[in-house]
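Participant: Each position in the sequence shown, counted from 1, maps to that position plus 130 in our numbering.
For every residue, glycine included, the Cβ atom is placed at its ideal position computed from N, Cα and C.
Everything numeric in this text was worked out from a predicted model, so none of it was measured.
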Amino acid sequence: MSVPRLGQPLAARETEVLQLVSKGLSYGETARRLQPAVSENTVKAHMKHVLTKLGASSAPHAVLLACQAGLLDGRPQRHGDHAGYEAHRRRGEDPKLCEPCRLGERAHRQAMKKTSKQNREAA
Numbered sequence: 131m132s133v134p135r136l137g138q139p140l141a142a143r144e145t146e147v148l149q150l151v152s153k154g155l156s157y158g159e160t161a162r163r164l165q166p167a168v169s170e171n172t173v174k175a176h177m178k179h180v181l182t183k184l185g186a187s188s189a190p191h192a193v194l195l196a197c198q199a200g201l202l203d204g205r206p207q208r209h210g211d212h213a214g215y216e217a218h219r220r221r222g223e224d225p226k227l228c229e230p231c232r233l234g235e236r237a238h239r240q241a242m243k244k245t246s247k248q249n250r251e252a253a
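1. Taking 8 angstroms as the threshold (C-beta atoms), are Leu184 and Ala192 in contact?
2. Distance check for Lys247 and Glu144, CA to CA, integer angstroms please.
3. In the DSSP assignment, the alpha helix (DSSP H) including Glu144 goes from what residue to what residue?
4. Glu159 lies in the alpha helix (DSSP H); which residues open and close that run?
5. Taking the alpha helix (DSSP H) that Pro190 falls in, what are its first and last residues?
6. How big is the Cα-Cα spacing for Pro225 and Asn249?
7. With the cut-off set at 8 angstroms, would you say Val180 and Leu148 are in Cβ contact?
8. If distances are taken between C-alpha atoms only, which option among Leu194, Arg232 and Glu146 comes closest to Gly222?
9. Following the continuous alpha helix (DSSP H) through Glu223, name the residue where it begins and the one where it ends.
10. Alpha carbons only, please: which of Ser152, Arg162, Met177 and Thr245 is nearest the one belonging to Leu140?
11. Once you ignore the five residues that flank Gln123 on each side, which residues in its own chain have a CB closer than 6 angstroms to its CB?
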């Protein structure tokens, strides 16, 4: 795992929480998805640690910084499907310059081509 900007590595659970939040899940939904399930307050505490370690001001900002640092595998279903996309836009950055966003968009296009081809063959 890469070292965050402020030099403190994220714990495995913090990374797991950040990955779920990056998919657009609320803290409550994130809490229910974690195994074992935790409270929403626990998720908030993990995110507080993530924000501190990454030097981020908000969850979308943390996702953006994590994407840039290579801490998230990215690969959203679509280019704009992760919380970092809006953080890019708010900062005046081109979201297409984010490698995880670009990889996610490429993967989405390939999946759409494959689905389209399968539909044509089935017809």
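Facilitator: Looking at the coordinates:
1. yes
2. 39 angstroms
3. Ala142 to Ser152
4. Tyr157 to Arg163
5. Ala189 to Ala199
6. 31 angstroms
7. yes
8. Leu194
9. Looking at the DSSP string, Glu223 is not in any alpha helix (DSSP H), and its letter there is neither H nor E.
10. Met177
11. Coverage of the chain is limited to positions 131 through 253, which leaves residue 123 absent and any answer about it impossible.
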